[in-house]
Structures are given as structure tokens and as C-alpha cells.
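Going by the working numbering, the sequence shown wraps up at 352, each residue one higher than the last. The beta carbon of each residue, even a glycine, is placed where N, CA and C say it ideally should be.
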Amino acid sequence: MYAVILAGGSGTRFWPKSRRRRPKQLLNIVGLTSMLRQTVERVLTLIPYERVLIVSSSELVEMVKQEIPELPRENLLIESVGRNTTPAIGLAAMVLKKRDPDAVMVILPADHVIRKKSRLLQGLKKGDRIVRKHQVLITLGISPTRPETGYGYIEQGKEFEDGVFRVRRFTEKPVRRTAERFLKTGRFSWNSGMFIWKAADILSAIQRFCPELYPGLIKIEKALGTEKEAQTISRVYKKIRGDSIDYGVLEKADNILVIPVDLGWNDVGSWSALDELSGKDKNGNVVHGDSILLDTRRSIFYSEGRMIAAIGVEDLVVVETGDALLVCRKNRSQEVRTVVDLLKKKGLDQYL
């Protein structure tokens, strides 16, 4: 089994802490090490460094090397430009298929929190056993704990074996009433973005459902290990359309299985995630750095240097990074990415 860690994202919803050259996955947001390092170390008892691949962008190469110096150089796959998850997974699958025709891939985002590591490893072992026997694509579904409207959902169909189900359908982020109905049925999981399959099987699916992408992957395969590798990847990536693996393949295929798991999972999708992941004071505030809080409740304060003083506020996110200050309502923290878009439009690259 090989781990393929997707580490090319920009983490825009964690601005101003997350920046273009040091995005969320390279930050110590939760714990003492970066989220990328936590992701790698989470699977090391099952998958050693030699079988860990990291897919990232050319901008982040040196940072990833510094963060994971144990990673063999040939296991760092560099995308010239981000094109979503289907090309990234296709690239990794081509590399692995060339090394090991029977390779099983575990796809892991680099920026998630998983508190119950042993359950993750159990799920990966179960998935590994199944995909070696059957030509199926497996997704790990997170057992939902609330009617969350910020995640996609997976509906279970017929049982494939104990604790494993055929996927009936994927659904986009629902409105709250629909999410409540999903929760009551007991048949739905959150879509985690974690997958298990054989490299050869996902490439067959990409060839079938993404015919415009597959020829480019073949060109990359032929260039792997040659002096033309980086140039070929760059040329192919300029021409291809970027789709998520969910939209590009999984929603169209009929051989998808889901393993529902309770992992203590959080995708750390915005600053408001710290509500669940960090300790709080007696008034429900999350505090990082120096602060004085008077009559202040249920807020998040993150300071890298300056003192933050707050009086009579509730449900705020306040983030200070030296050159930038973010203030927003906690329930609108997902919209921080819009600020990043506006900075780009205004040409304020020094803040990106």
C-alpha cells in the first residue's frame, strides 16, 4: 500500500495566516507540527516513508522538502499549476503503476485533523484487502455527528460486506433541512476526500470518464524518469481542465464502495473550526497569543505578536499576523476566501 498525500492547496480560507508560499497544510494550526507532517506520521506504522508520495505545487517544493526531509526525492511529485484532484491523482497513479503494477493507493488530503488514528488504520487495512480482490474504488465516509451543511454527503446502498456498502449516490452540500433528514436515515456519511484503490483501476476509470485528460497522462508516463519529465508535466497541465475526482470520476462510476468510519475528523475548513479543535476559556473563547477580553464570548482570537483587546463582543474571529488583520463574524468565516480574491483583483500581491 502507498499513501498519496495531496498538498498543493492554497488554504485561502485561513488567510491571513495562510499565504501563497506557506499555505494551511504547512502551518502548525492544530498541534506542535504542521498539518502535512501530522498526515504523514499518522500512517507511518502502516506505510513507511519509501511508500509515501506527496503531490504539491512548484511554489511549495522547498517548503515540503524542509517539512518532510525523510521523504525520498523521487516521491515528491510536482504540479506546475494546480488543476484540482483528478489530474493530481492521475499523475500519482501513473507514477505508481510504473513502479508497481499492483500498487494500491490511499489518497489523503494534507490538511485534515484525525483524532482516532487507529480507526483510520483499520479502515485502510480493510480497504486494501477489498481492492486487491475486487475492481472497486473505495471512499472513506465520515459518520456524521450533526446536520452539517458545509460538506458533501454519500448515501449508502446495499451492503457489500460487513461495514462496507455500495454507494447509491453522492450529493452536494445540502440545506439544513435536507442535512437533518440525511442524519435521521442513518444511511449517509460525510465525503472526506480520502480514498483507496489500485492505481490501475483509477487510471481505467479516468480513461473512461475523463477521456480528454487521459492522453496527457500517457504523455507524462512516457516522460517519467527522463530529463523531459518536468517539461512534459508543465505542457500537459497547461492544456487540461481541472476537475475534482468526485465530479470527474466517482459520481459517474458504478463500482464505488463506502466504508463509514468514526475518525474524530475535521477538515479544518475555516477559522471557525478552531471552536471544535482548541481549548476555550470560561466564556467559550479560543485564544492564541496575548489578549485582554472583557464581556466577550464565543469568539476566536489569534495573534502572532500584537496584543488584542476586546470589549463586549460575541461570535467574532480576529486574526493578527503583523502585516494584516482579519475581523469577521464567526458564521461568515468561510467567506475569507473572497477577501483573497479581492486582494488578487486589486494587485495587492504582498498580502497573498
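Cα-Cα separation between residue i and residue j, rounded to whole angstroms
i      : j      : result
Gln334 : Asp243 : 21 Å
Leu77  : Met105 : 15 Å
Trp190 : Glu227 : 42 Å
Met94  : Lys344 : 34 Å
Lys184 : Tyr151 : 16 Å
Leu32  : Val136 : 37 Å
Val313 : Thr296 : 5 Å
Ile220 : Pro72  : 20 Å
Arg115 : Gly127 : 20 Å
Tyr351 : Arg235 : 29 Å
Val55  : Ala7   : 6 Å
Tyr214 : Glu155 : 29 Å
Ser80  : Met63  : 15 Å
Trp271 : Lys222 : 43 Å
Ile5   : Glu67  : 14 Å
Thr178 : Ala230 : 46 Å
Ile143 : Met35  : In the sequence under discussion, the amino acid at residue 143 is Ser, which differs from the Ile named in the question. Each residue's Cα considered, the two are about 22 Å apart.
Phe170 : Leu224 : 34 Å
Val175 : Asp100 : 44 Å
Pro16  : Gln25  : 14 Å
Lys346 : Tyr237 : 27 Å
Leu348 : Val327 : 18 Å
Glu50  : Val336 : 37 Å
Glu159 : Arg187 : 11 Å
Ile196 : Val131 : 8 Å
Asn283 : Val339 : 29 Å
Glu74  : Leu27  : 24 Å
Lys117 : Gln38  : 11 Å
Asp102 : Phe209 : 22 Å
Ala92  : Val317 : 37 Å
Per DSSP, cross-strand counterpart(s) of residue i
i      : result
Ala179 : DSSP output for Ala179 lists no bridge partner at all.
Cys328 : Val317
Trp190 : Ile142, Tyr153
Tyr302 : His288, Val319
Phe14  : Bridge partners of Phe14: none, in fact.
Ala3   : Val52, Val106
Phe170 : Ile154
Pro260 : Gly141
Phe195 : Ile107, Thr139
Ala310 : Leu293
Ile78  : Ser56
Arg20  : BP columns for Arg20 are empty, so no partner.
Ile114 : Trp265
Phe165 : Glu159, Val258
Residue from the options whose Cα sits closest to the Cα of residue i
i      : options                        : result
Gly141 : Gly82, Asp246, Glu70, Glu227   : Asp246
Leu274 : Ile29, Ala205, Val4, Lys345    : Ile29
Glu161 : Tyr237, Arg129, Glu148         : Arg129
Val319 : Glu62, Arg13, Ile5, Val4       : Arg13
Lys173 : Glu41, Glu70, Phe182           : Phe182
Ser58  : Arg37, Asp100, Arg51, Arg83    : Arg83
Ala199 : Pro23, Phe170, Lys98           : Lys98
Leu108 : Val52, Lys24, Leu352, Lys239   : Val52
Glu251 : Arg21, Tyr153, Lys65, Met1     : Tyr153
Ile256 : Ala205, Val40, Asn266          : Ala205
Gln207 : Gly90, Ser192, Pro101          : Gly90
Gly193 : Tyr214, Thr86, Lys24, Arg21    : Thr86
Val286 : Ala310, His112, Trp265, Leu263 : Ala310
Arg306 : Ser299, Arg298, His288         : His288
Arg20  : Ser10, Leu26, Leu27            : Ser10
Leu121 : Gly347, Glu70, Val40, Lys65    : Val40
Ala110 : Ala3, Thr232, Asn331           : Ala3
Asn331 : Leu325, Val113, Arg298         : Arg298
Ala253 : Asn283, Ile202, Asp290         : Ile202
Val249 : Pro23, Ile218, Ser18, Pro211   : Pro211
Arg22  : Ile233, Met1, Val61            : Val61
Leu217 : Ala88, Met1, Glu70, Ser18      : Ala88
Whole-number beta carbon distance between residue j and residue i, since they are thought to touch under 8 Å
i      : j      : result
Asp315 : Arg329 : 6 Å
Gly123 : Val268 : Gly123 to Val268, Cβ: 20 Å. No contact.
Glu304 : Gly279 : No, Glu304 and Gly279 are not in contact; Cβ-Cβ is about 19 Å, not under 8 Å.
Ile308 : Phe301 : 5 Å
Gly163 : Ile259 : 7 Å
Leu263 : Arg119 : 5 Å
Trp265 : His134 : In fact, because the Cβ distance is near 25 Å, the residues do not count as touching under 8 Å.
Contact with chain B by residue i, beta-carbon distance below 7 Å
i      : result
Ser299 : Among the chains in the structure shown there is no chain B, since it carries only a single protein chain.
heavy atom of the ligand FAD below 6 Å from residue i C-beta
i     : result
Gln66 : Ligands are entirely absent from the displayed structure, and the ligand FAD is therefore not among its contents.
*Stretch pair the stretch 143-158 + the stretch 44-55: three plus CB contacts closer than 8 Å*: Contact between the stretch 143-158 and the stretch 44-55 is absent, because fewer than three Cβ pairs lie under 8 Å.
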